[in-house]
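Step one of this worksheet: look at the structure below.
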Ligand SMILES: Cc1cc2nc3c(=O)[nH]c(=O)nc-3n(C[C@H](O)[C@H](O)[C@H](O)COP(=O)(O)OP(=O)(O)OC[C@H]3O[C@@H](n4cnc5c(N)ncnc54)[C@H](O)[C@@H]3O)c2cc1C
Ligand SMILES: Cc1cc2nc3c(=O)[nH]c(=O)nc-3n(C[C@H](O)[C@H](O)[C@H](O)COP(=O)(O)OP(=O)(O)OC[C@H]3O[C@@H](n4cnc5c(N)ncnc54)[C@H](O)[C@@H]3O)c2cc1C
Ligand SMILES: Cc1cc2nc3c(=O)[nH]c(=O)nc-3n(C[C@H](O)[C@H](O)[C@H](O)COP(=O)(O)O)c2cc1C
Ligand SMILES: Cc1cc2nc3c(=O)[nH]c(=O)nc-3n(C[C@H](O)[C@H](O)[C@H](O)COP(=O)(O)O)c2cc1C
Ligand code: FES
Ligand code: FES
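Protein chains in written order, with the working numbering: chain A, 374 to 693; chain Y, 374 to 693; chain H, 196 to 471; chain D, 196 to 471.
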């Protein structure tokens with residue numbers, strides 16, 4: 374059996390392996406430099422950045438739920454300029470492949486962020502966090518309107534030569550239509566899923582458990598929904614997908630790859646086990662070797678569907 | 374402290390307590406008659422019924438996921454006529470308050486089901502399972518289109534004097550808009566949530582773990598999303614809500630009530646613990662007594678929100 | 196009428212690296228159980244994994260006076276819960292809901308009975324052997340495994356007057372080959388019994404059903420589909436039974452209430468996953 | 196540089212119905228830990244609940260020769276994980292990630308040190324007491340609880356030359372009242388110490404910080420916010436520190452990396468949940 378090569382292409386982005394630290398779950402990367410060899414990861418998606426510094430929401434900002442957690446961090450952050458000046462050089466020194474996750478409240482902010490980051494050395498790609506409210510559209514989240522998504526992606530596309538990766542929100546009726554809109558607007562890849570809007574209430578005080586009332590659900594609880602969405606998008610678009618949602622083990626990585634992800638992001642698992650990365654890489658290599666594959670792409674989208682008859686019958690009456 | 378009265382009103386429906394067995398998780402009710410005193414439940418929502426008998430999907434039909442399960446039963450069922458002739462008399466004999474969950478592939482089928490059931494003695498209300506594909510609209514699920522929902526609810530409303538309770542799917546961008554459409558179309562209450570569309574893949578065989586490929590996610594994993602949706606709908610509509618999704622304990626029941634549900638359905642928990650009902654009733658009674666309440670309605674929607682300032686700040690930057 | 200008890204683990208006998216017998220203090224469940232019925236078990240109700248798992252009632256346990264103490268499970272490690280059951284220690288507890296499902300029929304008039312077991316498919320036959328003995332039906336156990344380590348409790352059956360015929364795929368004990376081979380030879384050698392009972396891997400049960408049919412002998416098989424509730428509530432455990440009048444050639448019935456024991460010739464084997 | 200070890204539970208001393216000391220074989224973590232640092236623990240990585248929980252390093256354990264064996268945790272039952280830690284048995288294992296966070300500063304030049312502990316807030320003071328003793332700083336422990344059962348390990352501190360002053364709310368041991376009352380009386384009676392350290396319920400720490408400020412005495416508090424990761428990655432554990440130049444009067448810093456130990460006068464106490 375030949376050796377396994379973990380390298381993958383995600384559109385124009387070349388990664389030494391398909392494992393990417395998910396935005397907001399790995400700080401700016403440098404926080405983990407002591408425990409994780411950043412250069413050994415496919416890439417690091419840093420915490421979402423606005424143009425300006427942000428103070429974020431009041432605590433409590435997280436709460437645990439069955440097989441998951443809610444967060445309402447509120448995108449506390451140092452702003453793009455301090456990031457470029459203070460953090461990026463450290464990431465470069467550590468040879469991290471850096472994907473910068475950007476957020477704005479207007480289309481122009483996204484474009485401006487893209488311009489600033491295009492001039493900064495050491496940025497491998499831009500991931501567009503479109504789970505932010507669009508101030509001009511009355512606060513509806515960019516990522517929940519096809520128009521909002523298209524506007525952001527097109528504006529960023531015009532502003533940067535960097536790979537552009539919109540990150541889709543799962544809080545929509547038809548995620549595949551958003552993936553198609555992203556492709557048409559010039560995205561190089563899409564990443565999905567961001568967190569599911571959710572809440573928890575303390576029944577003794579009757580107050581929401583998060584100061585922000587609503588938060589985003591992540592972790593293993595959401596994995597089956599995220600896998601479904603990656604699978605649906607894979608049928609709908611030609612550009613590559615970075616899949617994520619509840620990955621904890623190498624088996625979960627493989628599940629996303631088979632569903633159609635070209636790369637897999639890992640978020641909440643970092644909190645549970647910061648030393649998870651070598652385990653994931655080893656497990657993935659072992660799986661590929663055991664199944665006689667020499668490259669990751671052999672299994673991307675390699676789902677074995679039942680005969681069309683059965684599938685049609687399924688669609689007729691719906692899942693239940 | 375005065376005694377606690379668990380009786381609730383859910384629109385025109387009077388229930389001796391707010392706990393309702395969720396459709397598809399309690400057979401036709403009669404299956405559980407040996408282990409549960411059906412007359413002690415608020416109501417029993419029976420397994421979804423079509424006009425005709427249905428054979429359902431091939432097994433495997435369920436698979437367990439972190440804190441949840443996927444199901445793709447495919448609405449196997451005996452059809453409405455056998456239900457009326459064979460099952461309903463047994464439910465009446467057991468003094469079960471019976472909510473009949475109905476499904477169709479056309480608007481006319483729903484209306485026809487409503488007419489048949491209006492003439493059958495012992496039906497307390499109709500729950501409309503709109504998570505079925507609309508054949509005439511090319512297969513898009515009724516419950517994922519405002520038009521589809523409105524058409525079904527209006528048609529059923531015209532066909533029956535029984536309370537009409539559309540059951541909303543969570544697989545939409547803005548569930549509150551569907552709740553409003555249901556209210557405007559004449560619904561007496563809404564129930565939510567149905568299951569989340571999801572999938573799981575066996576990484577060894579690379580085949581979907583369900584014969585139907587896609588299934589519905591239920592259980593504790595989805596509870597935080599379901600609670601959020603109940604909370605959002607409560608702000609949007611005046612008709613009562615039957616909340617559900619992942620209820621396992623009396624604390625979970627209380628969480629849904631505080632979020633705004635007037636009654637709470639319990640599905641997957643029946644599989645884990647068919648003897649859960651007395652525990653839920655006791656726990657709910659204890660909570661109310663401990664907090665000095667004599668009725669359930671005291672806590673319905675009684676969430677204690679943070680000061681408006683904080684809430685506004687939250688909306689500005691979104692949850693993360 | 197099934198009940199749910201929080202049963203004390205009285206002992207855990209690890210018979211091999213993959214198989215153990217758990218003795219549970221669940222007298223009320225045991226007293227009501229008939230041969231072939233099962234229980235749905237789970238550790239702490241609130242703990243993961245979410246769903247219960249089905250297990251045949253293996254032995255009904257009695258004290259010296261013959262009073263019922265509880266029941267045992269014959270468990271094989273294949274996944275999360277069966278691993279945990281292998282690791283359980285005396286003094287811990289296991290939720291045990293039952294008895295559930297349709298039992299074996301004892302056949303009337305009582306002729307001879309053959310039980311065909313593959314591996315842990317032995318589980319439903321201990322109570323059946325006791326019932327056959329009480330009904331004075333001569334019984335034979337045909338019992339196969341991959342290797343001799345898979346063959347457990349053989350003396351238990353012998354002590355109860357059951358004739359035992361063993362097979363192993365690697366020839367390390369008994370006749371070499373599959374247990375269905377031994378069955379075939381027995382059927383070829385003489386008159387078929389009054390009833391053949393089978394439990395084990397699906398292909399084995401299918402082969403037994405086919406052999407029984409060919410020799411015009413009634414057979415009952417005990418199926419092991421994935422089960423969500425065990426009470427008929429979830430419709431997950433269906434198996435297609437034959438009904439020539441229907442377009443699909445059969446219809447889905449819930450094996451937790453209409454089974455797990457079925458007449459071998461009622462199953463639409465082609466539709467059964469893993470039956471190839 | 197924190198490490199994560201799968202530490203063997205060496206012993207579990209249940210000191211009361213709510214409080215226990217777990218001794219863990221984690222020598223490498225213990226050797227690196229400085230007073231006030233913490234670890235993030237979890238049972239089986241794959242098991243529920245999902246997230247780790249933060250605990251102060253209580254004792255650093257040594258054998259007779261002085262070699263480091265591991266560390267202990269002082270645990271109080273308040274919820275899911277702390278219940279499980281109370282129930283742990285020797286021979287089981289606990290994942291232990293650390294040491295993490297900023298330690299207490301020992302103050303230079305070394306004057307006298309007072310440690311103010313409320314209940315299980317005693318935890319960070321065992322290692323601190325050893326460090327103070329090594330630096331020959333005279334130390335006093337002011338230690339309060341609701342009732343005498345809440346006061347544990349008192350002799351441990353006495354044996355290490357720490358002066359101990361106890362309070363209980365119900366007067367069952369030591370002075371009746373709150374530990375902050377005792378602190379107030381000590382401050383009124385003579386010169387303030389070189390440093391006051393505090394750990395316990397937030398209102399108590401706030402009161403200690405206010406008293407220290409009033410007596411112009413430096414103080415350090417060890418906060419206990421909810422923590423998701425302990426490594427600075429999730430931004431869940433923020434506490435607002437004062438910065439008059441900012442519109443909000445301060446800014447959020449992560450207490451897992453910038454704390455859990457903070458100068459008492461840096462905290463924007465009004466913004467801290469439960470500090471009222
Ligand atoms: C009526 C009946 C009686 C049974 N009696 C016994 C017995 O006496 N001894 C014994 O060792 N086993 C018995 N089984 C099989 C046993 O239930 C499964 O091995 C067990 O559920 C696997 O659980 P797990 O968590 O270890 O496996 P998982 O980690 O859940 O999965 C491992 C494998 O087991 C299969 N499986 C998972 N859940 C079920 C389920 N609910 N039912 C059937 N298969 C499942 C999966 O498809 C998978 O291939 C019986 C099954 C049935 C239906
Ligand atoms: C730096 C630090 C050091 C600590 N040292 C100790 C110690 O030495 N001994 C000790 O007994 N406790 C200590 N704690 C508190 C301890 O972490 C919590 O009591 C524990 O996390 C509760 O977990 P649970 O699963 O039992 O509670 P849960 O069931 O999760 O919740 C019960 C209560 O605990 C609170 N809580 C939940 N998670 C956390 C968390 N991650 N951090 C803080 N509070 C939480 C919840 O808000 C809730 O009110 C420390 C906390 C911090 C931040
Ligand atoms: C604490 C936290 C903060 C997050 N912050 C961001 C963010 O800044 N930008 C973003 O695009 N996604 C953010 N996410 C979403 C994750 O990147 C990821 O999409 C999601 O958590 C699902 O993956 P997981 O289940 O592996 O965590 C955040 C998630 C968590 C838990
Ligand atoms: C096995 C199964 C079958 C179901 N069948 C139906 C159905 O027939 N009609 C329906 O409206 N909902 C059906 N549901 C959805 C449940 O009624 C409920 O909305 C969902 O499971 C969420 O609640 P839970 O988490 O308490 O189970 C089914 C759910 C399960 C698990
Ligand atoms: S296992 Fe639920 S119906 Fe059979
Ligand atoms: S606990 Fe995660 S940043 Fe502090």
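The beta carbon of each residue, even a glycine, is placed where N, CA and C say it ideally should be.
Asked	Found
Sequence-distant residues of its chain with Cβ nearer than 6 Å to residue 456 of chain A (five each side left out)	422
Residues that residue 291 of chain D contacts on chain A, provided the C-beta gap is smaller than 7 Å	By Cβ distance, chain A contributes nothing, its closest Cβ being about 12 Å from residue 291 of chain D, past 7 Å.
For residue 405 of chain Y and residue 436 of chain H, the rounded distance between their alpha carbons	24 Å
Quiz: which residues have CB nearer than 6 Å to ligand 5 non-hydrogen atoms	H:422, H:423, H:424, H:425, H:427, H:428, H:429, H:430, H:431, H:432, H:449, H:451
Where the beta strand (DSSP E) containing residue 472 of chain A begins and where it ends	471-475
DSSP three-state assignment for residue 437 of chain A, whether helix, strand or coil	strand
C-beta atoms of residue 635 of chain A and residue 391 of chain A nearer than 8 Å	yes
Whole-number beta carbon distance between residue 461 of chain H and residue 430 of chain H, since they are thought to touch under 8 Å	The pair is not a contact, with the Cβ atoms about 19 Å apart (cut-off 8 Å).
Nearest to residue 650 of chain Y (by Cα), restricted to the options Y:386, Y:637, Y:661	Y:637
Cutoff 8 Å: residue 400 of chain A Cβ touching any chain Y Cβ	no
Residues from the segment 400-429 of chain D in contact with chain A, defined by Cβ distance under 9 Å	420, 421, 422, 423, 424, 425, 426, 427, 428, 429
Boundaries (first-last residue) of the beta strand (DSSP E) holding residue 338 of chain H	334-340
Minimum Cβ-Cβ distance from residue 258 of chain D to chain A less than 8 Å	no
Presumed contact (8 Å Cβ cut-off) between residue 590 of chain Y and residue 441 of chain Y, rounded CB distance	5 Å
Segment limits, alpha helix (DSSP H) that includes residue 606 of chain Y	596-609
Within 8 Å of chain A by C-beta, residues of the segment 214-237 of chain D in sequence order	237
Endpoints, the beta strand (DSSP E) within which residue 643 of chain Y is located	Where residue 643 of chain Y is concerned, there is no enclosing beta strand (DSSP E), although the alpha helix (DSSP H) it sits in stretches over 642-645.
Same chain only: Cβ atoms within 6 Å of residue 329 of chain D, ignoring 5 sequence neighbours per side	none
Proximity of residue 515 of chain A and residue 424 of chain D at Cβ, strictly below 8 Å	no
Spatial neighbours of residue 598 of chain A in its chain, beta-carbon cut-off 8 Å, leaving aside the 5 residues before and after	543, 566, 569, 618
Any chain A beta carbon closer than 8 Å to residue 383 of chain D	no
CB contact below 8 Å: residue 584 of chain Y versus chain A	yes
Interface flag, residue 606 of chain A vs chain Y, CB-CB below 8 Å	no
Delimiting residues of the beta strand (DSSP E) encompassing residue 768 of chain Y	Only positions 374 to 693 of chain Y appear in this structure, which leaves residue 768 of chain Y out of reach.
CA nearest to the CA of residue 600 of chain A, picked from A:626, A:504, A:609, A:575	A:626
Classification of residue 383 of chain Y by the beta-carbon crowding that lies within 10 angstroms, buried from 16 upward	buried
Length of the line joining the Cα atoms of residue 676 of chain Y and residue 582 of chain A	11 Å
Start and end residues, alpha helix (DSSP H) containing residue 405 of chain H	397-409
Touching by the beta-carbon criterion (3+ pairs, under 8 Å), the segment 343-358 of chain D and the segment 273-282 of chain D	no
Secondary structure, alpha helix (DSSP H): runs of 4+ residues fully inside the segment 242-299 of chain H	275-282
Enclosing beta strand (DSSP E) for residue 522 of chain A [first to last residue]	Where residue 522 of chain A is concerned, there is no enclosing beta strand (DSSP E), although the alpha helix (DSSP H) it sits in stretches over 519-532.
Cβ shell of residue 388 of chain A (< 8 Å), same chain only, five flanking positions each side left out	380, 381, 382, 415, 416, 470, 636
Where residue 449 of chain A meets chain D, residues with beta-carbon distance less than 8 Å	430, 433, 447
First and last residue of the uninterrupted alpha helix (DSSP H) at residue 627 of chain A	623-632
Whether residue 452 of chain A touches residue 424 of chain A by CB criterion (8 Å)	yes
Start-to-end residues for the beta strand (DSSP E) that takes in residue 362 of chain D	358-363
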